[in-house]
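> Okay, here's the structure, questions in a sec.
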Amino acid sequence: MKNDKTLLMNILAIVFLALLAYFIYAVATSSDVGINLMDDNVVENRVADRYLNKNVLDENSQYEWGGKAEDSAANIVTAVLADYRLFDTSLEVIVLFVTVMGFGLVLPDERRKIKESTQLLFNWLPILMTFMLLVGGYMFINGHLSPGGGFPAGAIISTAILVGILAGKQTVSHHTLKIVEAVAGISIFSLATLGFILKGSFFINFLEGGNIGDVFSAGLIPILYTLVAFKVSAELSGVYLEFYKGGEEHDHA
Amino acid sequence: MTMLNIFLLSSTSLIFIGLYGVLTRKNIVKILLSLNIIETGINLLLVAFGYVENGEVPILTSSESLKNIVNMVDPVPQALVLTSIVIGLGTTAFALGLTIRYYKTHGTLSIDASDEEEVMLNE
Amino acid sequence: MMILLASVLSILMIVAAVWVLITPNILKAIIVFAIVSLVASVLFIFMHAPDVAITEASIGAGITSAIFILSYKRISE
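Chains as they are written, first to last, in numbering that gives the first Met the number 0: chain A, 0 to 252; chain B, 0 to 122; chain C, 0 to 76.
See below:
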């Protein structure tokens, strides 16, 4: 009896959700009402046009390859993320910090010991970690030129620390991670306040940007991405270390 | 059938498969996995809204790419989805912490355990 | 050609998403979920969004599955 009822409910749920999915798809693809995705909608009609032409602050701003512009990051997603909409990114870092802190608070305090893994992984650990740190470092240094940026770079650096834990070696202590995270977080907001003092608005890109396409360009963006990468990697490594007993246990007051 | 049709179809079906899982599964880890499937689907849908047929990657690579600037796809949804992925990781970690706590108090991962407790309290 | 590849990948993704829901083994479900995220990151490349693809592959497929597996191991002990 109970089984029949759950079967009926499952079939009802499938039918109802399939109808909903069909209507969302139909609205998204129809050409007279809704968002009109299918009729040659070009970016010129959207807000992104100002970001692509880099004329948000000055309407007549023009730029060319290798020249200076209002925002000289070659990767336009980075320009949106780390310059035009930097409030989003900085508050996102705070949200990540709060959730990771809550994770440590909620977790019951029974940790496992870090066990030594196979000899193979243990001996290959330095080589693996070097490659991971190299890829992560390349990614946040070149975040304004190529795909990547602070968040995936931080994730890859924290994965290096996870591999260390899996191989049976704690490479960073909890205390160091907290210091790194605090210094990076305070530096991000000090740079924002410095922009307020120098140029009169919060989070403004006050450094002189170089030519588009150079490594030393885009003003503050590489510095901010470096700080974001360190902060994200410290937070995520803290999540992994919450599961294991470290050498020292002075946190969890 | 264009590329945009495929993206929209796959992302909407992913969202509703995840919603079906959230509605019908009993195991908390399964429900969290379904929530993550919904999140992936919504990210795909948002980036698909910025897709332009025969578009280009919004990265300036040479002086040639400046001429193609009108063909680039919309960079704003991409930046927002980048934010959403990282926050999704944070909320998933927090939910898993709550799941471990739940298992410690109830001894099971089924969502029916809290129902039974409610019945016991009401009687 | 690209359309064919994209449709095959989306069918794979949807099958994997259904598989996550119906498999009784939780560890298997977590690993199949990583497949969903990886295929989604390939679809992001088809949408000309390489930044999102890298982030989805490293965070959505890598770290989320790692945290799921670590938590599940903690529970099943």
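In this text, a Cβ means the ideal position worked out from N, Cα and C, and glycines have one as well.
#1: Just reading off the alpha helix (DSSP H) that K230(A) is part of, what are its end residues?
#2: Please state whether DSSP places V14(C) in a helix, a strand or coil.
#3: Please determine if the stretch 88-98 of chain B and the stretch 97-108 of chain A are in contact, where contact requires at least 3 C-beta pairs separated by less than 8 Å.
#4: Which value, in whole angstroms, describes the spacing of the CA atoms of L3(B) and L132(A)?
#5: Would you mind sorting P125(A) into buried or exposed? The rule is 16 or more other CB atoms within 10 Å of its CB.
#6: Could you run through the stretch 19-46 of chain B and flag, in chain order, every residue whose CB is less than 7 Å away from some CB of chain A?
#7: Should P146(A) be flagged as near chain B, meaning a C-beta pair shorter than 9 Å?
#8: With 9 Å set as the bound, which would you pick, yes or no: does the beta-carbon of H249(A) sit closer than that to a beta-carbon of chain C?
#9: Per DSSP, which residues does S109(B) bridge with? Please list them.
#10: If contact means a Cβ-Cβ distance below 7 Å, which residues of the stretch 33-63 of chain C contact chain A?
#11: At 8 Å on the CB atoms, spell out the chain A contacts of T82(B), in chain order.
#12: Identify every run of the alpha helix (DSSP H) within the stretch 12-73 of chain A, keeping only runs that are complete inside it and at least 4 residues long; order them along the chain.
#13: Give the C-beta separation of T91(B) and T63(C) to the nearest angstrom, bearing in mind that I take them to be a contact with Cβ-Cβ under 8 Å.
#14: Could you give the first and the last residue of the continuous alpha helix (DSSP H) run that contains E76(C)?
#15: Is the stretch 108-119 of chain A in contact with the stretch 82-95 of chain A, if contact means three or more CB pairs nearer than 8 Å?
#16: Does chain C have any CB closer than 9 Å to the CB of I68(B)?
#17: So who's on the other strand from E55(B), going by DSSP bridges?
#18: State yes or no: is the beta carbon of M0(A) nearer than 9 Å to at least one beta carbon in chain B?
Checking against the coordinates, here is how it stands:
#1: As a working note, residue 230(A) is residue 231 in the first sequence. Where K230(A) is concerned, the enclosing alpha helix (DSSP H) stretches over 220-241.
#2: Your numbering for residue 14(C) matches position 15 in the third sequence. Helix at V14(C).
#3: yes
#4: Here the question's residue 3(B) lines up with position 4 in the second sequence. Here the question's residue 132(A) lines up with position 133 in the first sequence. Approximately 37 Å, taken between the alpha carbons.
#5: Here residue 125(A) refers to the residue found at position 126 of the first sequence. That one is exposed.
#6: Y19, L22, T23
#7: Here residue 146(A) refers to the residue found at position 147 when the first sequence is read from its first residue. Cβ-Cβ to chain B under 9 Å: yes for P146(A).
#8: Residue numbering aside, residue 249(A) sits at position 250 when the first sequence is read from its first letter. In this prediction, H249(A) has a pLDDT of 46, which is less than 50 and means its spatial position is unreliable; what the coordinates show is noted afterwards. No - not a single Cβ of chain C is within 9 Å of the one on H249(A).
#9: As a working note, residue 109(B) is residue 110 in the second sequence. BP columns for S109(B) point to N26(B).
#10: P49, D50, I53, T54, S57, I58, G61, I62
#11: Translated into positions along the second sequence, residue 82(B) becomes position 83. Within chain A, the residues near T82(B) are L80, D87, T88, E91.
#12: 47-51
#13: As a first step, residue 91(B) must be located in the second sequence, where it is residue number 92. As a first step, residue 63(C) must be located in the third sequence, where it is residue number 64. Their Cβ separation, rounded to whole angstroms, is 6 Å, which keeps T91(B) and T63(C) in contact under 8 Å.
#14: Residue numbering aside, residue 76(C) sits at position 77 when the third sequence is read from its first letter. Where E76(C) is concerned, there is no enclosing alpha helix (DSSP H), given that its DSSP letter is neither H nor E.
#15: no
#16: As a working mapping, residue 68(B) is identified with position 69 in the second sequence. Closer than 9 Å: no.
#17: The count along the second sequence starts at 1 and reaches residue 55(B) at position 56. According to DSSP, E55(B) bridges with M71(B).
#18: Sequence index remark: in the first sequence, residue 0(A) carries index 1 (1-based). Because the pLDDT at M0(A) is just 49, under 50, the model does not fix this residue reliably, and the value given afterwards should be weighed accordingly. Chain B contact via Cβ: absent.
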